[in-house]
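Asker:
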Amino acid sequence: MFELIFHPEAEAEILALANNVQGKALRALAKLEAEGHQLRYPDTAPIRDGLFELRAGGKDITRTFFAFSKGKQIYILRTFVKKTAKTPPSEIKLALSRLEQLL
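The sequence shown: position 78 = 78 (the numbering used here), numbered continuously.
1. Gln-22 to Glu-100, Cα distance in whole Å?
2. Distance, Cα to Cα, Leu-77 vs Lys-59?
3. For Thr-64 versus Val-81, is the C-beta distance shorter than 8 angstroms?
4. Which residue marks the beginning of the alpha helix (DSSP H) containing Lys-31, and which one marks its end?
5. Name the two residues that bound the continuous beta strand (DSSP E) containing Lys-82.
6. Around the C-beta of Arg-98, are 16 or more other C-beta atoms found within 10 angstroms, so that it is buried, or is it exposed?
7. Whole angstroms is fine: what's the gap from Glu-35's alpha carbon to Pro-46's?
8. Output the distance between the C-alpha atoms of Glu-3 and Pro-89, rounded to the nearest integer angstrom.
9. Considering only residues of the same chain and omitting the five flanking positions on each side of Lys-31, which have a CB-CB separation below 8 angstroms?
10. Please tell me whether Arg-14 and Tyr-75 are closer than 8 angstroms, where the distance is taken between their beta carbons.
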């Protein structure tokens, strides 16, 4: 079992999601917490510089950016509803800056 460490704004973003989308995101986070490094595509995908995305699909697609820390800790950095085929670079930059804040 891994420990999820939420950036304060990422936690607020999850809580602000609509109930159906929030449920999907929380189930994906529970799976990440249980499986950690062993969780692979299609549930997770590498982005860059140690940043990964947790993918919760269906009608409304959410992405949660996260990074592994030492031991069994995972930083949860950013959650958003994805509306375009390609992840916006601004979302990646925001997640990386939040990671720097937590380190």
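Ideal placement from N, C-alpha and C gives every residue a C-beta, glycine not left out.
Answerer: If we stick to the structure as given:
1. The residue labelled residue 22 in the question sits at position 22 within the sequence shown. The residue labelled residue 100 in the question sits at position 100 within the sequence shown. Approximately 26 angstroms, taken between the alpha carbons.
2. Indexing the sequence shown from 1 puts residue 77 at position 77. Indexing the sequence shown from 1 puts residue 59 at position 59. Those two C-alpha atoms are separated by around 23 angstroms.
3. Here the question's residue 64 lines up with position 64 in the sequence shown. Here the question's residue 81 lines up with position 81 in the sequence shown. It is not a contact, given that the beta carbons lie outside the stated cut-off.
4. On the sequence shown, residue 31 is found 31 positions in, with the first residue counted as 1. 19-35 is the extent of the alpha helix (DSSP H) around Lys-31.
5. Here residue 82 refers to the residue found at position 82 when the sequence shown is read from its first residue. Here the beta strand (DSSP E) through Lys-82 covers 73-82.
6. The count along the sequence shown starts at 1 and reaches residue 98 at position 98. Buried is the call here.
7. Position 35 of the sequence shown, counting from 1, holds the residue named residue 35. Position 46 of the sequence shown, counting from 1, holds the residue named residue 46. The alpha-carbon atoms of Glu-35 and Pro-46 are separated by roughly 16 angstroms.
8. Residue numbering aside, residue 3 sits at position 3 when the sequence shown is read from its first letter. Residue numbering aside, residue 89 sits at position 89 when the sequence shown is read from its first letter. Cα-Cα distance, rounded: 27 angstroms.
9. Residue numbering aside, residue 31 sits at position 31 when the sequence shown is read from its first letter. These residues qualify, in order along the chain: Leu-39, Asp-43.
10. Taking the sequence shown and counting its residues from 1, the one referred to as residue 14 is at position 14. Taking the sequence shown and counting its residues from 1, the one referred to as residue 75 is at position 75. Inspection of the sequence shows that residue 14 is occupied by Ile rather than by Arg. Result no, Cβ atoms of Ile-14 and Tyr-75 do not sit closer than 8 angstroms.
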